[in-house]
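*Asks:* Heads up: the sequence shown at position 240 corresponds to 240 in the numbering used here, and the numbers run straight through without jumps. For every residue, glycine included, the Cβ atom is placed at its ideal position computed from N, Cα and C. Quantities reported herein were computed from a predicted structural model and do not represent experimental measurements.
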Amino acid sequence: MNAKLDTGRVFERIFKIYSDQFTLLIPAALILFVPVAILNGLVLENGGALAALISVAVTVVATYWFQGMVVEAVRDILDGRRDQTVGGLFSSASPYIGPLLLAGILAGIATAIGFVLLIVPGLFLLTIWAVIVPVIVIERTGAMPAFGRSRELVRGDGWRVFGVIVVLFLLQIVLGGLVQAIVGGASDDSFAGYAIADLIVHVLITPLSAIAATVMYVELRRLRGQPLDIDMDAPPVTEPPPARESPAPGPEATPPGPQAPPG
């Protein structure tokens, strides 16, 4: 059997979860990406190649952290088990914060260098490391083994994974252009305008990327014959149905005892 990743199915699940959990994911992203937006605004204002690389690395670290927050929530949503809260998102990533930050730093530096080197190496790394965060959170691995595990899962479906990344990237560019045009036109301060636009784009797009990583991870495991105990097509269930109680047998249900023989 040589089944491939169904990108249509992936996007269907991504946007369904995004719309259902919008009021949960957006506030969490807002809390995390305000500092990132301020940093990126300062980078734009001051310029410099080193500052730009630092900005890319910090953004990747924040993205990995946010993905770690969302993984367990998406897993529960796919399995229809429970609802999450904003506080629950942050606490769900706390056991993995060390490996997530290490993976984010390493991936951020490597990807930034890869983009400097004619862009193609950076795109390649983004593709083969697309599911690092779900590997860390769900498989309880360290940062370094997660890189190899992600590449193992993506192998054979690299172009399809890359296609999902490209669609989300194009969506980010289009949204970023629209937001920058609106915010930039309303603000004469380049720092404030860019920081606000960067924040809006990251808050709206990063949840999509985080959801995509988890959905692709679940689907890639299923295709590799390593399925999780998750029904991707199950409707969400917020609470289990009440158990039915069997009625106590009445007198009429009591079987008759043995009859004494006539004397």
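(1) State yes or no: is the C-beta of residue 179 nearer than 6 Å to some heavy atom of the ligand FAD?
(2) If you reduce the DSSP assignment to three classes, tell me which class residue 26 lands in.
(3) Out of curiosity, what's the CA-to-CA distance linking residue 61 and residue 140?
(4) Among the residues of its own chain, which have a CB less than 6 Å from the CB of residue 21, if the five just before and after it don't count?
(5) Can you tell me where the alpha helix (DSSP H) with residue 16 in it begins and where it stops?
(6) Span of the alpha helix (DSSP H) holding residue 3?
(7) Less than 7 Å between the C-beta atoms of residue 102 and residue 143, yes or no?
(8) Mind listing, in chain order, the continuous alpha helix (DSSP H) runs of no fewer than 4 residues lying wholly within the segment 52 to 118?
(9) Are the Cβ atoms of residue 153 and residue 131 separated by less than 7 Å?
(10) Give the C-beta separation of residue 150 and residue 137 to the nearest angstrom, bearing in mind that I take them to be a contact with Cβ-Cβ under 8 Å.
(11) If we count the other Cβ atoms within 10 Å of its Cβ and call it buried at 16 or more, is residue 201 buried or exposed?
(12) Does the distance from the CB of residue 197 to the CB of residue 183 come in under 7 Å?
(13) Should the segment 50 to 69 be regarded as contacting the segment 32 to 39, the criterion being three or more beta carbon pairs within less than 8 Å?
(14) Please state if the CB of residue 42 and the CB of residue 112 are separated by a distance shorter than 7 Å.
*Replies:* In short, the structure shows the following:
(1) The ligand FAD is not among the ligands present in this structure, which contains no ligands whatsoever.
(2) Shown here, residue 26 sits in a helix according to DSSP, grouped into three states.
(3) The alpha-carbon atoms of residue 61 and residue 140 are separated by roughly 19 Å.
(4) Nothing meets the Cβ criterion.
(5) That run of the alpha helix (DSSP H) goes 7 to 20.
(6) Element bounds for residue 3: n/a, residue is neither H nor E.
(7) For residue 102 and residue 143, yes; Cβs fall inside 7 Å.
(8) Fully enclosed alpha helix (DSSP H) runs of 4 or longer: 86 to 93 and 97 to 116.
(9) In contact: residue 153 and residue 131 (Cβ atoms closer than 7 Å).
(10) Their Cβ separation, rounded to whole angstroms, is 12 Å, which puts residue 150 and residue 137 out of contact at 8 Å.
(11) Of the residues assessed, residue 201 falls on the buried side of the cut-off, its CB having 16 or more other CB atoms within 10 angstroms.
(12) Contact flag set, yes.
(13) Yes: the two stretches touch, three or more of their Cβ pairs being nearer than 8 Å.
(14) The answer is no: Cβ separation not under 7 Å.
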